[in-house]
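Asker:
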Amino acid sequence: MFTKPIHIKLFFLAVLIAALLLPLFISDAYMFQVVIMSILFAIATCAMNLIIGFTGQASLAHGAFFGIGAYGVAILTKAGVSFWLALPAAAVMAVLIGLPVGLISLRTRGHYFAIVTLCFGVIMWIVAGNWIELTGGENGIFGIAPPGDILVPLIGRIDFSSQAAQYYLALAFLLLTLWALYRIVYSVFGLTFMAVRNNEALADAVGINTFTTKLISFEAANFIAALAGGLYAIVIGAVSPSAAGYGLTFNFLIYLILGGIATLSGSVIGAFAIPILMESLQFLQDYQLLIFGALLVVVIIYFPMGFVGGLRRLNQIIADRRRRKKSEAVHVSG
Amino acid sequence: MFLAKSLTKLFDGLAAVQDVSFEIKQGEILAIIGPNGAGKSTLFNMMTGTFKPTSGLVFMDGHNITGLKPYRIVTKGMARTFQTTSLFDQLRVIDNLMIGYKWRTGLGFWNTLLHTPKWKAYQTEAFLRAMEILEFLGLTDKSEFFIPALSQEEQKRLAIGIAMMGKPRMLLLDEPTGGLIQEETDRITRLIQRIRDQGTTVCIIEHKMQMIMGLADRIVVLNYGKKIAEGSPEEIKSNQAVIEAYLGGEVHA
Amino acid sequence: MELFLQQVFNGIMFGSTYAIVALGLTLVMGILNIPNFAHGHLYMLGGYVTYFFFATLGLGFWLSLLASMIILGMVGVVMERVVFRPLTGQPPINDFIAAIGSLVFLEAFALAVWGPQGLRITNPYPETFQFLGITMTVQRVLVIVAAAALIVGLHFFMKKTVLGATIEAVAQNREGAMLTGINVNRVSAITFAISTATAALAASFLSPIFMLSPSMGAILGMKAFIIVILGGLGSIPGAILGGYILGLIEALGGGYVSAAYKNVFAFGALILILSIKPTGLFGKKEA
Ligand SMILES: Nc1ncnc2c1ncn2[C@@H]1O[C@H](COP(=O)(O)OP(=O)(O)OP(=O)(O)O)[C@@H](O)[C@H]1O
Ligand SMILES: [Mg+2]
């Protein structure tokens with residue numbers, strides 16, 4: 083029903099192998115950090131894709147749930163809780179906080195939903211900057227320890243203080259996220275998300291509880307975003323309000339749209355390509371954001387389906403041309 | 096099997112439907128007709144939970160289903176189509192159909208994530224049902240098509256098919272042949288007859304008199320939101336109030 | 044009581060600004076259906092342009108204000124033409140991204156030209172006086188009066204002029220207006236120009252009171268958005284009322300409860316209202 087052609091599968095396999103071997107080729111610690119960050123942002127963007135891309139609900143509280151994960155892990159590990167317990171706890175916390183948020187905001191639609199969730203995002207950001215006893219205020223929380231060692235059968239003891247180990251940890255979570263989203267999106271259950279996005283009245287009329295569907299998608303997205311945030315806390319070793327800010331939400335949104343909305347690979351491509359693009363515009367200094375802003379507008383006008391959407395269209399055009407050539411050939415011979 | 100009792104719907108104080116009662120019997124084709132704006136679609140929307148009636152009650156198999164949400168009413172065995180062809184136009188034909196089967200399955204978040212045996216069974220069940228419906232609609236070779244690639248008539252067929260996916264005992268069709276030419280209308284009419292022959296009760300809104308006279312067992316006529324007649328096609332044809340409503344209109348206003 | 048009145052006065056002054064800024068945004072959102080998230084940044088740019096004419100070129104306050112309105116009006120026309128019109132017919136989220144691109148651009152532009160440090164123009168009317176036991180400055184009173192004048196003027200423009208009626212017609216039914224031969228593109232451009240020029244007006248009046256900075260547009264833009272949604276998309280009375288309500292909520296919440304959480308009250312109020320009435324105070328039935 084939902085299988086991909088073989089050459090695409092091979093391509094994904096090649097990317098996976100390259101990702102596994104990557105630490106052997108990166109010597110620069112700064113670059114390595116950028117790559118790890120990209121992975122975490124990719125996880126968060128994939129989650130955003132679930133609620134925005136597949137379910138069609140423009141949740142702009144996403145950065146806040148990333149922040150709940152980050153602050154949750156920071157606060158819990160500082161209180162002496164093991165990272166391995168703190169991470170799921172923070173993610174569950176995001177789901178719990180997401181429940182009232184979702185119950186209220188999902189009653190609204192379209193622009194209204196976007197704005198209500200944005201308000202929640204801004205509120206959490208303000209709280210992060212002002213609840214000094216809990217969050218450390220504007221300074222945030224620093225000196226977050228890397229995860230403790232774990233014992234894995236066959237492999238032995240893994241120590242997570244090295245960048246390489248953290249890289250693999252992040253990569254594992256990205257793969258897990260993609261695996262989960264793949265299963266959800268390519269199924270009848272996933273179709274109900276798209277049904278809600280595409281035609282809510284019809285979805286309702288064919289027996290889908292659209293509110294619950296949206297809520298599940300929202301909460302799944304929040305859970306994953308918080309996981310990404312929790313990993314962010316230990317990779318950076320510090321959190322500040324910007325890790326819960328609406329600026330972060332906008333970044334994810336940009337990765338999502340420019341990579342290609344409602345495609346699994348698009349989120350990952352966006353989350354890797356945009357930070358690298360930003361890095362390469364660094365030489366422009368003050369003009370970096372000027373160019374980036376203009377570029378964003380140009381891309382959304384000329385490639386509204388993002389990079390992956392553009393590729394698909396290119397594919398389509400080539401296929402059409404081939405078909406036309408074939409039929410022309412038949413004409414000539416006939 | 097279905098009963099509407101004194102249904103009334105006010106929009107900003109204006110009555111779109113006023114005190115309409117009628118019954119639908121097991122296995123029949125009941126037609127609801129009336130001039131534009133008579134309140135037919137509004138009546139449908141109250142029967143299927145899209146609108147809450149201002150007053151009045153709706154019963155299915157003797158159970159009061161008034162005020163239930165549409166997705167709950169579907170589970171009572173009642174499915175509907177919309178006046179303007181309503182499909183999931185970003186998805187393929189097969190996906191459109193499978194969505195219509197979801198409520199019958201236990202395909203939820205955890206099943207799907209973990210690919211439990213139950214998931215496999217349900218997923219297959221949904222697929223087989225979709226294949227069955229495709230065959231029934233004559234759309235088997237179009238299963239992978241996206242909606243915009245279908246003709247008007249094929250889209251109307253598919254809309255009916257989506258409603259049938261969940262094996263409803265009663266099907267509500269809102270102008271299933273609106274905008275179609277005679278030939279296409281005939282084909283849809285035959286499809287509806289086949290649906291009834293399978294044992295599904297049908298309630299249909301139509302404008303096309305000739306078609307409805309040949310298809311319906313009984314007819315309910317609405318005008319200005321009120322029921323002005325009810326009976327067999329023969330009775331309706333010779334009913335004075337109906338003739339006036341369709342010819343004169345203003346007489347009752 | 045004094046504190047209360049002082050907060051009310053401040054609330055009305057903030058509310059005046061919010062009302063004007065939201066008014067411009069609701070025109071664009073309601074009529075063109077463009078969620079122009081960069082509106083706050085256009086306000087910011089308006090402030091800087093006023094600064095440029097007033098402080099750099101040495102023009103008078105009123106002349107600078109006028110120049111700023113004209114220039115921002117032109118910026119609005121260009122923005123509609125270059126950024127948003129090519130996106131007609133695409134999902135709203137794309138407009139949103141384009142708006143984010145624009146605001147990133149505008150903020151970077153202000154940063155490159157005027158630098159990150161806060162700027163302030165010298166107050167043309169620094170006199171203060173006492174009224175009902177509270178301290179007022181002429182400039183602050185001027186903000187309130189100017190906002191009221193603008194609201195009244197805009198009301199007459201919409202209700203009494205052909206152009207106003209045309210804009211209203213496009214807002215109600217875009218396709219229908221097109222069929223009757225209205226040049227919808229021209230109306231869009233004009234609407235955008237009005238929207239940005241009023242933002243410049245608000246910024247000009249406030250620039251002697253508050254520091255200008257490239258990042259000042261973000262939160263204000265968000266608040267304008269909130270007000271527009273609060274009042275109901277495209278509703279002009281809704282935007283005005285919403286603006287004053289928000290100003291008062293903030294001033295009173297900030298004055299009595301916690302200044303740091305001032306914005307939380309604003310955003311919280313919106314959530315509360317929308318959770319009770321999902322399409323805003325004056326909203327149409329369905330968005
Ligand atoms: N959501 C609504 N809000 C306000 N008025 C409505 C609404 N829906 C329908 N109406 C009004 O109710 C009346 C009945 O409309 P309805 O759509 O039920 O008529 P109909 O019989 O289905 O007509 P048609 O043959 O054109 O489909 C009309 O006057 C219509 O304008
Ligand atoms: Mg109708």
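Protein chains in written order, with the numbering used here: chain A, 83 to 416; chain H, 96 to 348; chain X, 44 to 330.
Each residue gets a CB set at the ideal place from its N, CA and C atoms; glycine is no exception.
All of these numbers come straight from a predicted model, not from anything done at the bench.
Do the region 168 to 181 of chain A and the region 307 to 317 of chain A touch if we need at least three Cβ pairs shorter than 8 Å?
Answerer: Touching, per the Cβ criterion.
Asker: Is H/D281 near ligand 2, with its Cβ less than 7 Å from a heavy atom?
Answerer: Position 186 of the second sequence holds residue 281 of chain H. Not so, every heavy atom of ligand 2 lies at least 7 Å from the Cβ.
Asker: Using a beta-carbon distance cut-off of less than 9 Å, what residues from the region 280 to 292 of chain A approach chain H?
Answerer: Answer set for the region 280 to 292 of chain A: N280, N281, A283, L284, A285, D286, A287, V288, G289, I290, N291, T292.
Asker: Quick one: Cα of X/I262 to Cα of A/N212, how far?
Answerer: For the purposes of this step, residue 262 of chain X is taken as residue 219 along the third sequence, with counting starting at 1. For the purposes of this step, residue 212 of chain A is taken as residue 130 along the first sequence, with counting starting at 1. Roughly 16 Å separates the two Cα atoms.
Asker: Say the cut is 7 Å; is the CB of H/S136 nearer than that to a heavy atom of ligand 2?
Answerer: Taking the first residue of the second sequence as position 1, residue 136 of chain H is located at position 41. Flag set: Cβ of H/S136 near ligand 2.
Asker: Got a sec: is the Cβ-Cβ distance from A/M175 to anything in chain H below 8 Å?
Answerer: Stepping through the first sequence from its first residue, residue 175 of chain A is reached at position 93. Output row for A/M175: interface = no.
Asker: Note down, in chain order, every chain X residue with its Cβ under 9 Å from the Cβ of A/P323.
Answerer: One-based indexing of the first sequence puts residue 323 of chain A at position 241. Ordered by position in chain X, no residue passes the 9 Å Cβ test against A/P323, which lies about 12 Å from the chain.
Asker: What's the C-alpha gap between X/V121 and X/L130?
Answerer: For the purposes of this step, residue 121 of chain X is taken as the residue at position 78 of the third sequence. For the purposes of this step, residue 130 of chain X is taken as the residue at position 87 of the third sequence. Roughly 14 Å between the two C-alpha positions.
Asker: How about A/I343 and A/G135: do their beta carbons lie closer than 8 Å?
Answerer: Here the question's residue 343 of chain A lines up with position 261 in the first sequence. Here the question's residue 135 of chain A lines up with position 53 in the first sequence. Cβ distance < 8 Å, so A/I343 and A/G135 count as in contact.
Asker: Any Cβ of chain X within less than 8 Å of the Cβ of A/F374?
Answerer: Reading the first sequence from its first residue, position 292 is the one you call residue 374 of chain A. Chain X contact via Cβ: present.
Asker: By Cβ distance below 6 Å, which residues in the same chain neighbour H/V346 in space, the five residues on each side in sequence not counted?
Answerer: The sequence position of residue 346 of chain H within the second sequence is 251, counting from 1. Per-residue confidence for H/V346 stands at a pLDDT of 40, beneath the threshold of 50, marking its modelled position as unreliable; the derived number appears in the next sentence. The residues are E339.
Asker: Identify the contact partners of X/F268 in chain A, using a Cβ-Cβ distance below 8 Å as the criterion.
Answerer: Taking the third sequence and counting its residues from 1, the one referred to as residue 268 of chain X is at position 225. Ordered by position in chain A, the residues that pass the 8 Å Cβ test against X/F268 are I197, L200.
Asker: Please look up how many angstroms separate the CB atoms of X/G275 and X/G311, rounded, as I've assumed it's under 8 Å.
Answerer: As a working note, residue 275 of chain X is residue 232 in the third sequence. As a working note, residue 311 of chain X is residue 268 in the third sequence. Contact flag wrong, Cβ pair sits at about 19 Å.
Asker: Measuring from the CB of H/Q178, is there a heavy atom of ligand 2 at a distance below 7 Å?
Answerer: Against the second sequence, residue 178 of chain H aligns to sequence position 83. At least one heavy atom of ligand 2 is nearer than 7 Å to the Cβ of H/Q178, so yes.
Asker: Can you pull the chain A residues whose beta carbon is under 9 Å from the beta carbon of H/F204, in chain order?
Answerer: One-based indexing of the second sequence puts residue 204 of chain H at position 109. Per Cβ cutoff of 9 Å: I266, F271, I298, A302.
Asker: Run down chain A in chain order and give the residues with a C-beta less than 8 Å from the C-beta of H/A221.
Answerer: Here residue 221 of chain H refers to the residue found at position 126 of the second sequence. The answer, in chain order, is V270.
Asker: Which whole-angstrom value describes the C-beta separation of A/A355 and X/F148, a residue pair presumed to lie in contact below a C-beta threshold of 8 Å?
Answerer: Here residue 355 of chain A corresponds to residue number 273 of the first sequence, with the count starting at 1. Here residue 148 of chain X corresponds to residue number 105 of the third sequence, with the count starting at 1. Contact flag wrong, Cβ pair sits at about 20 Å.
Asker: For the beta strand (DSSP E) that H/T296 lies in, which residues bound it at each end?
Answerer: Residue 296 of chain H sits at position 201 when you count from the first residue of the second sequence. 296 to 300 is the span of the beta strand (DSSP E), which, as asked, contains H/T296.
Asker: So is the beta-carbon of H/G132 under 7 Å away from any non-hydrogen atom of ligand 1?
Answerer: Counting from 1 along the second sequence, the entry for residue 132 of chain H is found at position 37. Yes; taking the cut-off as 7 Å, the Cβ of H/G132 has a heavy atom of ligand 1 nearer than that.
Asker: Output the distance between the C-alpha atoms of A/L169 and A/I316, rounded to the nearest integer angstrom.
Answerer: In the first sequence, counting from the first residue as 1, residue 169 of chain A sits at position 87. In the first sequence, counting from the first residue as 1, residue 316 of chain A sits at position 234. Rounded to whole angstroms, A/L169 to A/I316 spans 10 Å at the Cα level.
Asker: With H, G and I counted as helix, E and B as strand and the rest as coil, what does DSSP make of H/S116?
Answerer: To locate residue 116 of chain H, count along the second sequence from 1; it is residue 21. Here H/S116 sits in strand by DSSP.
Asker: What separation, rounded to the nearest whole angstrom, lies between the Cα atoms of A/H144 and A/D368?
Answerer: For the purposes of this step, residue 144 of chain A is taken as residue 62 along the first sequence, with counting starting at 1. For the purposes of this step, residue 368 of chain A is taken as residue 286 along the first sequence, with counting starting at 1. Rounded to whole angstroms, A/H144 to A/D368 spans 28 Å at the Cα level.
Asker: Kindly say whether H/M193, judged by its beta-carbon, lies nearer than 8 Å to any beta-carbon of chain A.
Answerer: The sequence position of residue 193 of chain H within the second sequence is 98, counting from 1. Taking Cβ atoms only, chain A reaches closer than 8 Å to H/M193, which makes this a yes.
Asker: Tell me the DSSP bridge mates of X/Q173?
Answerer: In the third sequence, counting from the first residue as 1, residue 173 of chain X sits at position 130. DSSP, once it has assigned bridges, lists X/T178 as partnering X/Q173.
Asker: Could you give the first and the last residue of the continuous alpha helix (DSSP H) run that contains A/N333?
Answerer: If you number the first sequence from 1, residue 333 of chain A lands on position 251. From DSSP, the alpha helix (DSSP H) with A/N333 extends over 328 to 341.
Asker: Per the contact definition of three or more C-beta pairs closer than 8 Å, is the region 177 to 194 of chain X in contact with the region 49 to 63 of chain X?
Answerer: The answer is yes - the region 177 to 194 of chain X touches the region 49 to 63 of chain X, with three or more Cβ pairs under 8 Å.
Asker: Does ligand 2 have even one heavy atom less than 7 Å from the beta-carbon of H/D269?
Answerer: Along the second sequence, one-based indexing puts residue 269 of chain H at 174. The answer is yes for H/D269.
Asker: Mind listing, in chain order, the continuous alpha helix (DSSP H) runs of no fewer than 4 residues lying wholly within the region 81 to 143 of chain X?
Answerer: Correct list: 82 to 94, 104 to 122.
Asker: Please list the segments of the alpha helix (DSSP H) lying wholly inside the region 229 to 308 of chain A, counting only runs of 4 or more residues, in order along the chain.
Answerer: Complete alpha helix (DSSP H) runs here, min 4: 245 to 267, 270 to 280, 282 to 287.
Asker: In chain order, what residues of the same chain lie with their CB nearer than 7 Å to the CB of A/S349, ignoring the 5 residues before and after it?
Answerer: Reading the first sequence from its first residue, position 267 is the one you call residue 349 of chain A. Result list for A/S349: A124, T127, C128, N131, Y337, L338, G341, in chain order.
Asker: Quick one: give me the first and last residue of the beta strand (DSSP E) that X/N216 is part of.
Answerer: As a working note, residue 216 of chain X is residue 173 in the third sequence. Run containing X/N216: none; DSSP gives neither H nor E here.
Asker: With a cut-off of 8 Å, does the C-beta of H/G261 fall near any C-beta of chain A?
Answerer: Stepping through the second sequence from its first residue, residue 261 of chain H is reached at position 166. Taking Cβ atoms only, chain A reaches closer than 8 Å to H/G261, which makes this a yes.
Asker: Should X/E329 go down as buried or exposed, given a rule of 16 or more other Cβ atoms within 10 Å for buried?
Answerer: Taking the first residue of the third sequence as 1, we reach residue 329 of chain X at position 286. With a pLDDT of only 42 at X/E329, under the threshold of 50, the placement of this residue in the model should not be trusted, and no figure is reported.
Asker: Cutting at 7 Å between CB atoms, please list the residues of its own chain near H/F140, excluding the five before and the five after it.
Answerer: Working through the second sequence from its first residue, we reach residue 140 of chain H at position 45. Sequence inspection shows Asn at residue 140 of chain H; the Phe mentioned does not correspond to that position. Correct list, in chain order: F146.
Asker: Ignore the nearest five residues each way along the sequence and tell me which others in H/P243's own chain have a CB closer than 7 Å to its CB.
Answerer: Within the second sequence, the letter at position 148 stands for residue 243 of chain H. These residues qualify, in order along the chain: D184.
Asker: In the region 164 to 219 of chain H, which residue ranges form an unbroken beta strand (DSSP E) of at least 3 residues, counting only runs that do not cross its ends?
Answerer: Those beta strand (DSSP E) runs which fall completely within the region 164 to 219 of chain H and span 3+ residues are 173 to 175.
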